[in-house]
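Shown next, in structure tokens, is the structure this report addresses.
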Amino acid sequence: MLSKYIPKHFIEIYPEIKKDRFVREEGTVMFADLSGFTNLSEKLTAKGKEGSEEISRIINEVFE
Numbered sequence: 013m014l015s016k017y018i019p020k021h022f023i024e025i026y027p028e029i030k031k032d033r034f035v036r037e038e039g040t041v042m043f044a045d046l047s048g049f050t051n052l053s054e055k056l057t058a059k060g061k062e063g064s065e066e067i068s069r070i071i072n073e074v075f076e
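If you want it as structure tokens, here you go:
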């Protein structure tokens, strides 16, 4: 169910996940709906590579 949200490298090191088995790990998952983010990202990605880099910078600042 959440496999599209699990980093590929994590799935590669735990082949049990590929076989629909469970692996117990301690961690944190956060889902967030950032108001206005879709509009902002659409405007910035229209600027090309520089806009995409700006989105990455903004997201990194939030999580630092």
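Going by this note's numbering, the sequence shown runs without a break in its numbering and finishes at 76.
The C-beta atom is built at its ideal place from N, Cα and C for all residues, glycine as well.
Quiz item: Got a sec, what are the start and stop residues for the alpha helix (DSSP H) G63 sits in?
Solution: The continuous alpha helix (DSSP H) containing G63 extends over residues 61-75.
Quiz prompt | Local conformation of L46 per DSSP, three classes | solution = coil
Quiz item: So what does DSSP say about I18, is it helix, strand or coil?
Solution: coil
Quiz item: When the distance is taken between beta carbons, is S47 closer than 9 Å to I67?
Solution: no
Quiz item: Taking the alpha-carbon positions, what's the K59 to P27 distance?
Solution: Near 40 Å, if we compare the C-alpha coordinates of P27 and K59.
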